[in-house]
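Peer 1: All residue numbers for the sequence shown refer to the numbering used here, where the first residue is 311 and numbers rise by one. Using N, Cα and C, we set each Cβ at its ideal position, and we do this for glycine too.
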Amino acid sequence: MPMFARLTQPRKAAARLLALFSLVWLAACQPIVATGPVSDAQRVTPGAPVKVALLVPAGSSSGADQLLASNLENAARLAIADLGNVEIDMKVYPTAGDPGRAAQAATTAVSEGAQIILGPLYAEAANAAGVAVANQGVNVLAFSNNPTIAGGNVFILGPTFANTADRLVQYGMRNGIQRYVVAYGNDLQGTIGRDAIVSAVNRSGGAVAGTQPYELSQAGVQSAAPRVAETVRGSGATGVFTTAGVNADLPILATALNEAGITPQQARMLGLTRWDAAPQALALPGLQNGLFAVPDTNRTRAFEQRYSATYGAQPHPLAGLAYDGIAAIGALAATGRADALTQGALVQSQGFKGTSGIFRLLSNGTNQRGLAVATIRNNQVVILDPAPTSFRGAGF
Numbered sequence: 311m312p313m314f315a316r317l318t319q320p321r322k323a324a325a326r327l328l329a330l331f332s333l334v335w336l337a338a339c340q341p342i343v344a345t346g347p348v349s350d351a352q353r354v355t356p357g358a359p360v361k362v363a364l365l366v367p368a369g370s371s372s373g374a375d376q377l378l379a380s381n382l383e384n385a386a387r388l389a390i391a392d393l394g395n396v397e398i399d400m401k402v403y404p405t406a407g408d409p410g411r412a413a414q415a416a417t418t419a420v421s422e423g424a425q426i427i428l429g430p431l432y433a434e435a436a437n438a439a440g441v442a443v444a445n446q447g448v449n450v451l452a453f454s455n456n457p458t459i460a461g462g463n464v465f466i467l468g469p470t471f472a473n474t475a476d477r478l479v480q481y482g483m484r485n486g487i488q489r490y491v492v493a494y495g496n497d498l499q500g501t502i503g504r505d506a507i508v509s510a511v512n513r514s515g516g517a518v519a520g521t522q523p524y525e526l527s528q529a530g531v532q533s534a535a536p537r538v539a540e541t542v543r544g545s546g547a548t549g550v551f552t553t554a555g556v557n558a559d560l561p562i563l564a565t566a567l568n569e570a571g572i573t574p575q576q577a578r579m580l581g582l583t584r585w586d587a588a589p590q591a592l593a594l595p596g597l598q599n600g601l602f603a604v605p606d607t608n609r610t611r612a613f614e615q616r617y618s619a620t621y622g623a624q625p626h627p628l629a630g631l632a633y634d635g636i637a638a639i640g641a642l643a644a645t646g647r648a649d650a651l652t653q654g655a656l657v658q659s660q661g662f663k664g665t666s667g668i669f670r671l672l673s674n675g676t677n678q679r680g681l682a683v684a685t686i687r688n689n690q691v692v693i694l695d696p697a698p699t700s701f702r703g704a705g706f
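Structure follows, in structure tokens:
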């Protein structure tokens with residue numbers, strides 16, 4: 311999970327940011343496993359249980375961490391039950407969200423036979439776990455969406471800004487949005503988001519007309535809005551792409567830009583975060599006809615219904631990440647290959663089907679997920695371009 315602070319304490323902000331991404335149930339695709347070097351710890355024996363260590367933030371003083379830990383474990387066990395003929399031997403290790411405890415948990419897990427690690431949640435903890443077991447050849451499928459920790463033996467399962475930016479810019483370029491002004495908060499989340507947007511625009515052949523940072527306060531956002539508006543008018547930009555969060559800076563920015571004369575007819579807003587996560591945001595005039603990305607909503611609902619039927623409560627928005635990780639591990643193990651858990655096997659082009667639709671792990675440790683493009687019309691969310699169902703179609 312990301313360690314991005316947004317006008318509050320880092321861990322609380324990180325949990326809230328990832329909670330804006332909703333996630334869903336499905337079996338994994340049958341992958342084509344690439345051959346790679348196999349460490350003794352990774353080696354899969356046909357017919358034997360695959361030993362998975364699940365690292366969760368249990369044991370901290372935070373009630374939110376405890377809730378997340380139980381939801382992640384529940385979702386992982388739900389996925390195990392759905393695997394059919396693949397047996398998973400999963401052991402749960404508490405980390406308390408602490409990097410030191412995460413590193414120790416990872417080391418202990420491998421010494422106890424873990425062939426792959428699922429989790430932990432927070433970026434610093436995930437990085438520490440990966441470093442702790444790197445020399446033993448064990449891969450880590452972390453629940454983070456922070457790309458700065460990805461690479462080597464650490465893969466992140468959380469939705470990334472780069473993935474969202476690519477999807478929205480590709481759609482925008484096909485629909486007349488070719489010049490972009492980027493408005494971003496001046497923190498880690500904002501700068502990573504800015505870089506993802508700029509890279510996506512450049513790859514698509516579009517133009518970045520300007521970038522405008524702002525202080526993460528109401529006054530900071532309001533003072534930056536006129537400068538954003540001036541850049542839009544001076545450059546002829548038809549899109550304002552922002553990193554703003556719907557429960558933090560987005561309502562202030564959208565309102566201030568609207569008051570500065572930037573209407574949706576002049577320049578459409580695009581966002582890296584889930585605008586539908588706060589129903590009150592759907593009524594903001596500045597967000598009407600804007601663009602944001604959502605996962606496959608049908609699959610999301612299917613997972614939520616399945617989870618609630620099993621456990622009697624709605625899943626946390628991050629719970630699906632644990633299901634996805636187990637589904638991918640199970641699909642790879644089902645091939646019967648000794649090298650099924652190597653980096654070469656994890657990175658395969660056709661990907662997997664998970665709780666929010668298709669996803670695949672990339673060689674740089676990040677991921678791609680199939681996303682739908684949505685807008686807001688008459689205070690309602692409308693899907694403009696459905697989530698792709700394979701990596702061979704539009705959107706990739």
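How would you write the range of the alpha helix (DSSP H) that R611 sits in, first residue to last?
Peer 2: Residue numbering aside, residue 611 sits at position 301 when the sequence shown is read from its first letter. Here the alpha helix (DSSP H) through R611 covers 607-621.
Peer 1: Exposed or buried, V334, counting other C-beta atoms within 10 Å across all chains shown (16 or more means buried)?
Peer 2: One-based indexing of the sequence shown puts residue 334 at position 24. Below a pLDDT of 50, predicted positions are generally treated as unreliable, and V334, at 26, falls in that range; no measurement from the model is reported.
Peer 1: Taking G491 as the reference, give the member of A643, Q690, P589, I507 with the closest Cα.
Peer 2: Residue 491 sits at position 181 when you count from the first residue of the sequence shown. According to the sequence as given, residue 491 is Val; it is not Gly. Closest by alpha carbon: I507.
Peer 1: Would you decide whether E397 is buried or exposed? Buried here means 16 or more other CB atoms lie within 10 Å of its CB.
Peer 2: As a first step, residue 397 is located in the sequence shown; it is residue number 87 there, counting from the start. Answer is exposed; the Cβ neighbour count stays below 16.
Peer 1: I'd like to confirm something about G661: is its beta-carbon nearer than 7 Å to some heavy atom of the ligand SAH, or not?
Peer 2: With respect to the ligand SAH, the structure shown offers nothing to examine, as it has no ligands at all.
Peer 1: Please list, in chain order, all residues of the same chain as F551 whose beta carbon is under 6 Å from its beta carbon, the five residues on each side excluded.
Peer 2: Position 241 of the sequence shown, counted from the first residue, corresponds to residue 551. Answer for F551: Y490, V492, I507, L580, listed in chain order.
Peer 1: Does DSSP classify V441 as helix, strand or coil?
Peer 2: What you label residue 441 is simply residue 131 of the sequence shown in a count that begins at 1. Looking at V441 - three-state DSSP - the assignment turns out to be helix.
Peer 1: Check whether the stretch 618-627 touches the stretch 593-605, counting contact only when three or more Cβ pairs, one atom from each stretch, lie closer than 8 Å.
Peer 2: No, they do not touch.
Peer 1: Would A438 and P404 qualify as a contact pair, given that the criterion is a beta-carbon distance under 8 Å?
Peer 2: To locate residue 438, count along the sequence shown from 1; it is residue 128. To locate residue 404, count along the sequence shown from 1; it is residue 94. Cβ atoms of A438 and P404: not closer than 8 Å.
Peer 1: Shortest alpha-carbon distance to L364 belongs to which of R543, N384, V348?
Peer 2: Walking along the sequence shown from the start, residue 364 turns up at place 54. Of R543, N384, V348, the residue nearest in Cα terms is N384.
Peer 1: Could you pull the start and end residues of the beta strand (DSSP E) that G600 belongs to?
Peer 2: Here residue 600 is taken as the residue at index 290 of the sequence shown, counted from 1. Segment: none, G600 is in no beta strand (DSSP E) and carries neither H nor E.
Peer 1: Residues in its own chain within less than 6 Å of T355 by CB, not counting five upstream and five downstream?
Peer 2: For the purposes of this step, residue 355 is taken as the residue at position 45 of the sequence shown. Cβ within range, chain order: n/a, list empty.
Peer 1: If I follow the unbroken alpha helix (DSSP H) through Y633, where does it start and stop?
Peer 2: To locate residue 633, count along the sequence shown from 1; it is residue 323. Here the alpha helix (DSSP H) through Y633 covers 629-643.
Peer 1: Quick one: give me the first and last residue of the beta strand (DSSP E) that G495 is part of.
Peer 2: The count along the sequence shown starts at 1 and reaches residue 495 at position 185. It spans 489-495 - the beta strand (DSSP E) in which G495 sits, taken as one unbroken run.
Peer 1: Leaving aside the five residues before and after R411 along the sequence, list all residues of the same chain whose C-beta is less than 6 Å from its C-beta, in chain order.
Peer 2: For the purposes of this step, residue 411 is taken as the residue at position 101 of the sequence shown. Excluding sequence neighbours, R411 sits near T405.
Peer 1: Per DSSP, what kind of secondary structure is F669 in: helix, strand or coil?
Peer 2: Along the sequence shown, one-based indexing puts residue 669 at 359. Three-state result, F669: strand.
Peer 1: Please check if any C-beta of chain D sits within less than 8 Å of the C-beta of L498.
Peer 2: No chain D appears in this structure, which consists of one protein chain only.
Peer 1: My understanding is that G661 touches F701, with C-beta atoms under 8 Å, so please give their C-beta distance in whole angstroms.
Peer 2: The residue given as residue 661 occupies position 351 in the sequence shown. The residue given as residue 701 occupies position 391 in the sequence shown. Going by Cβ atoms, the distance from G661 to F701 rounds to 6 Å, so yes, they are a contact pair.
Peer 1: Since I believe L560 is in contact with T583 (beta carbons under 8 Å), could you give me their beta-carbon distance rounded to a whole number of angstroms?
Peer 2: Taking the sequence shown and counting its residues from 1, the one referred to as residue 583 is at position 273. Taking the sequence shown and counting its residues from 1, the one referred to as residue 560 is at position 250. About 7 Å separates the two Cβ atoms, so the contact holds.
Peer 1: Taking 8 Å as the limit between beta carbons, can you name the residues of its chain near T418, skipping five residues before and five after?
Peer 2: Along the sequence shown, read from residue 1 onward, the residue named residue 418 stands at position 108. Only Y403 meet the Cβ criterion.
Peer 1: According to the neighbour-count rule (16 or more other Cβ atoms, all chains shown, within 10 Å of its Cβ), is K401 buried or exposed?
Peer 2: Position 91 of the sequence shown, counted from the first residue, corresponds to residue 401. By the 10 Å Cβ count, K401 comes out exposed.
Peer 1: Tell me which same chain residues have a C-beta within less than 6 Å of the C-beta of V511, skipping the five on either side of it?
Peer 2: Along the sequence shown, one-based indexing puts residue 511 at 201. Here the set comprises V479, Y490, V518.
Peer 1: Looking at T470 and T676, is the spacing between their C-beta atoms short of 8 Å?
Peer 2: Counted from its first residue, the sequence shown places residue 676 at position 366. Counted from its first residue, the sequence shown places residue 470 at position 160. Against a cut-off of 8 Å, the Cβ pair of T470 and T676 comes out as a contact.
Peer 1: May I have the straight-line CA-CA distance separating A623 from L467, to the nearest angstrom?
Peer 2: On the sequence shown, residue 623 is found 313 positions in, with the first residue counted as 1. On the sequence shown, residue 467 is found 157 positions in, with the first residue counted as 1. Roughly 23 Å between the two C-alpha positions.
Peer 1: Looking at I668 and A386, is the spacing between their C-beta atoms short of 8 Å?
Peer 2: Position 76 of the sequence shown, counting from 1, holds the residue named residue 386. Position 358 of the sequence shown, counting from 1, holds the residue named residue 668. Not a contact, by the Cβ cut-off of 8 Å.
Peer 1: Using three-state DSSP, classify I572 as helix, strand or coil.
Peer 2: As a working mapping, residue 572 is identified with position 262 in the sequence shown. Residue state, collapsed to three classes: coil.
Peer 1: Is the stretch 555-569 in contact with the stretch 481-489, if contact means three or more CB pairs nearer than 8 Å?
Peer 2: Touching, no, given that fewer than three Cβ pairs across the two stretches are closer than 8 Å.
Peer 1: Assuming I572 and A539 form a contact by the criterion Cβ under 8 Å, report the distance between their Cβ atoms to the nearest whole angstrom.
Peer 2: The residue you call residue 572 lines up with position 262 of the sequence shown. The residue you call residue 539 lines up with position 229 of the sequence shown. Yes, I572 and A539 are in contact; Cβ-Cβ is about 5 Å, under 8 Å.
Peer 1: Quick one: is L681 buried, meaning 16 or more other Cβ sit within 10 Å of its Cβ, or exposed?
Peer 2: Taking the first residue of the sequence shown as position 1, residue 681 is located at position 371. Burial call: buried.
Peer 1: Under the DSSP definition of a beta bridge, which residues are partnered with R578?
Peer 2: Taking the first residue of the sequence shown as 1, we reach residue 578 at position 268. Partner(s): G549.
Peer 1: Looking only at its chain, what residues have a beta carbon closer than 8 Å to the beta carbon of R687, apart from the 5 residues adjacent to it on each side?
Peer 2: In the sequence shown, residue 687 corresponds to position 377, counting from 1. These residues qualify, in order along the chain: Q598, N599.
Peer 1: From the DSSP output, in three-state form, read off A358 for me.
Peer 2: Locating residue 358 in the sequence shown gives position 48, counting from the first residue. Correct three-state label for A358: coil.
Peer 1: Please classify T458: is it buried, with 16 or more other beta-carbons within 10 angstroms of its beta-carbon, or exposed?
Peer 2: Walking along the sequence shown from the start, residue 458 turns up at place 148. The residue is exposed, with fewer than 16 neighbouring Cβ atoms inside 10 Å.
Peer 1: Would you call the CB atoms of V443 and V420 closer than 8 Å?
Peer 2: Locating residue 443 in the sequence shown gives position 133, counting from the first residue. Locating residue 420 in the sequence shown gives position 110, counting from the first residue. Yes. Within cutoff.
Peer 1: Beta-carbon within less than 8 Å of I390's beta-carbon, same chain only, minus the 5 sequence neighbours each way: which residues are those?
Peer 2: As a working mapping, residue 390 is identified with position 80 in the sequence shown. Only I398, M400, I636, G640 meet the Cβ criterion.
Peer 1: Which same chain residues end up closer than 6 Å to V343 when comparing Cβ atoms and leaving out the 5 residues on each side of it in sequence?
Peer 2: As a working note, residue 343 is residue 33 in the sequence shown. Its pLDDT being 37, under 50, V343 is placed unreliably by the model, and the measurement read from it follows with that caveat. Around V343: T645, R647, A650, A655.
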